[in-house]
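Q: Numbering (this note's numbering), first residue to last: 1 to 418.
Beta carbons: idealized from backbone N, C-alpha and C, even for Gly.
(1) Check each candidate in 403, 394, 218 and 197 and name the one with the smallest Cα separation from residue 172.
(2) Could you check the C-alpha separation between residue 141 and residue 126 for me, to the nearest Å?
(3) Can you tell which of 120, 256, 358 and 132 has its C-alpha closest to the C-alpha of residue 331?
(4) Starting from residue 259, trace the alpha helix (DSSP H) both ways and give me its first and last residue.
(5) How many angstroms separate the CA atom of residue 421 from the CA atom of residue 309?
(6) Are the beta-carbon atoms of residue 193 and residue 218 separated by less than 7 Å?
(7) Just tell me which of 281, 215, 253 and 272 has its CA closest to the CA of residue 242.
(8) Between 136, 288, 145 and 322, which lies nearest to residue 180 when the distance is taken from Cα to Cα?
(9) In the DSSP assignment, the alpha helix (DSSP H) including residue 399 goes from what residue to what residue?
(10) For residue 284, count the other beta carbons within 10 Å of its own beta carbon; 16 or more makes it buried, fewer makes it exposed. Which is it?
(11) For the beta strand (DSSP E) containing residue 313, name the first residue and the last one.
(12) So, under 8 Å CB-CB, residue 157 and residue 341 are touching, yes? Tell me the CB distance rounded to an integer number of Å.
(13) Please name the residue in 89, 344, 102 and 115 whose C-alpha comes closest to that of residue 83.
(14) For residue 398 and residue 100, I'd like the C-alpha separation in whole angstroms.
(15) Look at the alpha carbon of residue 35 and the alpha carbon of residue 356, and state the distance between them as a whole number of angstroms.
(16) Unbroken alpha helix (DSSP H) runs of length 4 or more, entirely within the segment 139-201: which are they?
(17) From residue 260 to residue 346, what does the alpha carbon distance come to, in whole angstroms?
(18) For residue 226, which of 155, 168, 418 and 234 has the nearest alpha-carbon?
(19) Return the chain-ordered list of same chain residues with a C-beta closer than 8 Å to the C-beta of residue 124, the five sequence neighbours on each side being excluded.
(20) Taking the beta strand (DSSP E) that residue 245 belongs to, which residues open and close that run?
(21) Label residue 268 either buried or exposed according to how many other C-beta atoms from any shown protein chain fall within 10 Å of its C-beta, with 16 as the threshold for buried.
(22) Taking Cβ to Cβ, would you say residue 400 is nearer than 7 Å to residue 376?
(23) Starting from the Cα of residue 165, find the closest Cα among 215, 271, 77 and 232 and give me that residue.
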């Protein structure tokens, strides 16, 4: 039996040399700073065995280990020259509007002299309860075993109901006043994170003329919590068709104060009141003009916020495409732009200060994001510049693509260029 296990473990290693050429796209150097040029996510920094990161990597893709409509399977493996190995099974199941991708790992050590195989089931075993209450221990168990779920979702964005559990990808809240084309760049390519996104349109079920959008980047250790309420307050004036189409919303986003203190960030909170009016609205495309009044408070001082305004055009398709172009100005000093952009968790104090928009300077930007949720493909592109005293400066261009599952013969990909 031991020889059989050995053969099963060593067979994939024979294909490592053949696989490296195809999988080089997944073994790119890690990102060291959010502001640098080509940025590639490091391999699974949240995994419990960082020593595996320096080993050779082999992958089997597309094995028939899944069921359900549109599902596919993926078996990945990692091994090092000193005998450490890890096998990861990622079945991907889809049924109707629901889809889920698991991430189950088995680690071990291969000894050659004398020959022996030791398997490590530590990730599978429940944590010690200690003196925790039943509720606290149940929460700990949920957190421990939820790591086996890479992502889970129901529906698609801008449908009546959309829910996603996993790494946040391609999120724009409303017209993008506070959250614009955000994706979680704080976790590595192969790592997941228990983020949560919820979009509900209550008007579709005649409950209330209200839409709700909620986002948290990590349910257990959040660094970003944001929500937005929206509706058509003049909808009851059906005889005034033009007025009834006016949509208004209120957004709020913040980092918990204890997290901000631990990272030596300023304790900031952001809010925005927005109004938008449709230029084109049908089942395929929605295009609107909008105006935002944005406020930012520091250290909980709400009576003296930094203020700015933003206006432009934004829209979205039925479920996959979101775009906007805007102009932003600050009324008062201390106004930040793009605070919750991808990679914000890696910023230091100097990086945060660089986000301040000086008085008298106008910011122009355009963003387009596409989320093919059923295929788990997420694309984002952004252009921005500043305008001061009749001249443009500080140009910025960012493009990124994230692929979570095997598609186009790519196992997985997370690429950002700035």
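A: Here's the rundown:
(1) 197
(2) So the alpha carbons of these two residues sit roughly 7 Å apart.
(3) 358
(4) 257-262
(5) Given that the chain is displayed from residue 1 to residue 418, the structure contains no residue 421 and the question cannot be resolved.
(6) yes
(7) When each option's Cα is compared against that of residue 242, the closest is 281.
(8) 322
(9) First-last for residue 399: 391-403, but that is the beta strand (DSSP E), not the alpha helix (DSSP H).
(10) exposed
(11) 301-317
(12) The pair is not a contact, with the Cβ atoms about 19 Å apart (cut-off 8 Å).
(13) Selected option, being the one with the closest Cα: 115.
(14) 30 Å
(15) Residue placement at residue 35 is flagged as unreliable, the pLDDT there being 39, under the threshold of 50; the coordinate-derived value follows with that caveat. Taking the straight line joining both Cα atoms gives about 16 Å.
(16) Counting whole runs of 4 or more residues, the segment 139-201 contains no alpha helix (DSSP H) stretch at all.
(17) 12 Å
(18) 168
(19) none
(20) No beta strand (DSSP E) contains residue 245, which DSSP labels as neither H nor E.
(21) Residue 268 is buried by the Cβ-count criterion.
(22) Judged by beta-carbon spacing, residue 376 lies beyond the 7 Å limit of residue 400, meaning their Cβ atoms are not closer than that value.
(23) For residue 165, the nearest C-alpha among the options comes from 215.
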